[in-house]
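Written below as structure tokens is the structure these notes are about.
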Ligand code: FAD
Ligand code: PHB
């Protein structure tokens, strides 16, 4: 079999890339290790930047987002019992959309089905070969049968644990990493959110976040220790702890209910450079990870795809490799700024086990400055709604 572009992974990066390329007449094959239902069962990101919304529109997969997504003009940060609002709309003229990654994935899968483009789910043992030659080969197994696909380019959209980044020789890739000494315990519940905007909480017992998926579905997170297990957190304990970390009004408006999903995610910052090896191009979590505090993971995957799709379209339409040659540097410039923002938000809002009295005073001073300075709020808002592509 032969296609122009093989895309490894059907997360947001792979599906969005597939859709943008298909609409430009470029033939793609997506290989996904998991089943479709498994991919749709993962509860992840929820805040979408306007740039990512624009890409979903270009992909023909934004109708439901516009119908059902919640437009948020700001967010709140709670500290020492007080809530402070950051007004994105007033400070930047932009807003974000709250719409679950699960729904985006669903919409992109439906759009792909509608145009008849091919995805192989449960593709096992995907391996990449001849990446520096003119005709890379991708091998995989499906239902025990071996397959081989020849292509022009491979897009590595297979997340942090995928095969693509690992296919680059170790001496040709450099990685940068910070692992944080805590995780997020997340709960999804069919109850209305406690506020109409997200509330980020810095509390001495640990960070908390009150987010949502709709007017009737809430998503809550608590900073937890890395060694903890979800079984140690029955719903009652979760809500009790969340209540202790919230301001009085937030605690009063919290609607507890039986959790429909509960999971723990570790927090990590990670970047692999460069994002290209021969005719393999990495996009999304396969090349970089951010801690979720800045809501940037999915949005960064989208901006990588904006650059990569434009470069591939230029390559096929104008027979120019200029865009592809510039892809890694262009994507990484934006990636590092989102890494900086996510690290800063994480550092500003969490309790670090090793922090000294001085560190805690610095954190308090940073928040105090943020709440009192329009310049500081503008910097936060500008990054939160997303830097330009
Ligand atoms: P992924 O969504 O990881 O998709 C990669 C796909 O590749 C997967 O479907 C995977 O099954 C497939 N794959 C992997 N290996 C192979 C292989 N060898 N062969 C074929 N297919 C393969 N971001 C936020 O902004 N907010 C959040 O709250 C948030 N929570 C998160 C919670 C968790 C547990 C995780 C892991 C991430 C979270 N993120 C969050 C980050 C956000 O979800 C990611 O940044 C986003 O999913 C990146 O999209 P992607 O397409 O690059 O990667
Ligand atoms: C979410 O709703 O899952 C969410 C929102 C904002 C974040 C992280 C996660 O910063």
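Residue numbers (this note's numbering): 66 to 454.
All C-beta atoms, glycine included, are put in the ideal place defined by N, C-alpha and C.
- Secondary structure of residue 103 (DSSP, three-state): helix.
- If you look at residue 276, you'll find it in the beta strand (DSSP E) that goes 273–279.
- Note: residue 192 is bridge-paired with 204 in the DSSP secondary-structure output.
- Counting C-beta pairs closer than 8 Å gives fewer than three between the region 218–227 and the region 303–310, which falls short of the contact rule.
- Closer than 7 Å to some heavy atom of ligand 2: that describes the Cβ of residue 357.
- Under the Cβ criterion (8 Å, minimum of three pairs), the region 325–337 does not count as touching the region 359–374.
- Looking at the backbone, the Cα of residue 346 and that of residue 219 are separated by about 6 Å.
- Pairing residue 420 with residue 298, the inter-Cα distance amounts to about 25 Å.
- Within 10 angstroms of the beta-carbon of residue 197 lie fewer than 16 other beta-carbons, which makes it exposed.
- The region 339–355 makes contact with the region 72–82, as at least three CB pairs between them are under 8 Å.
- In this structure, DSSP gives residue 327 an extended state, which the three-state scheme calls strand.
- The closest heavy atom of ligand 1 lies less than 7 Å from the beta carbon of residue 97.
- When distances are taken from the beta-carbon of residue 319 to the heavy atoms of ligand 2, even the shortest one reaches 7 Å or more.
- The beta-carbon separation of residue 130 and residue 170, rounded to 12 Å, does not stay under the 8 Å limit for a contact.
- Annotated as distal: residue 393 and residue 78, with beta-carbon spacing of 8 Å or more.
- In terms of Cα proximity to residue 96, the closest of 229, 121, 85 and 115 is 229.
- If you ignore the 5 residues before and after residue 100, its C-beta comes within less than 8 Å of the C-beta of 186 and 187, all in its own chain and listed in chain order.
- The distance from the Cβ of residue 151 to that of residue 396 is about 27 Å, inconsistent with a contact at the 8 Å cut-off.
- Ranking 133, 267, 339 and 206 by CA distance to the CA of residue 277 puts 133 first.
- Within the same chain, and ignoring the five residues on either side of residue 240 in sequence, the residues whose Cβ sits closer than 8 Å to its Cβ are 335, 336, 337 and 338.
- Not one heavy atom of ligand 1 sits closer than 7 Å to the Cβ of residue 282.
- The beta carbon of residue 386 sits closer than 8 Å to those of 380, all from its chain and outside the five residues before and after it, given in chain order.
- Collapsing the DSSP output to three states places residue 419 in coil.
- The beta carbon of residue 85 sits no closer than 7 Å to any heavy atom of ligand 2.
- Residue 449 and residue 199 have their C-alpha atoms spaced approximately 40 Å apart.
- Secondary structure note for residue 246: its beta strand (DSSP E) is the uninterrupted segment 239–254.
- Set against 7 Å, the gap from the CB of residue 373 to the closest heavy atom of ligand 2 is not smaller.
- A distance below 8 Å between beta-carbons, with the five flanking residues on each side excluded, links residue 343 to the following residues of its chain, in chain order: 196, 197, 198 and 201.
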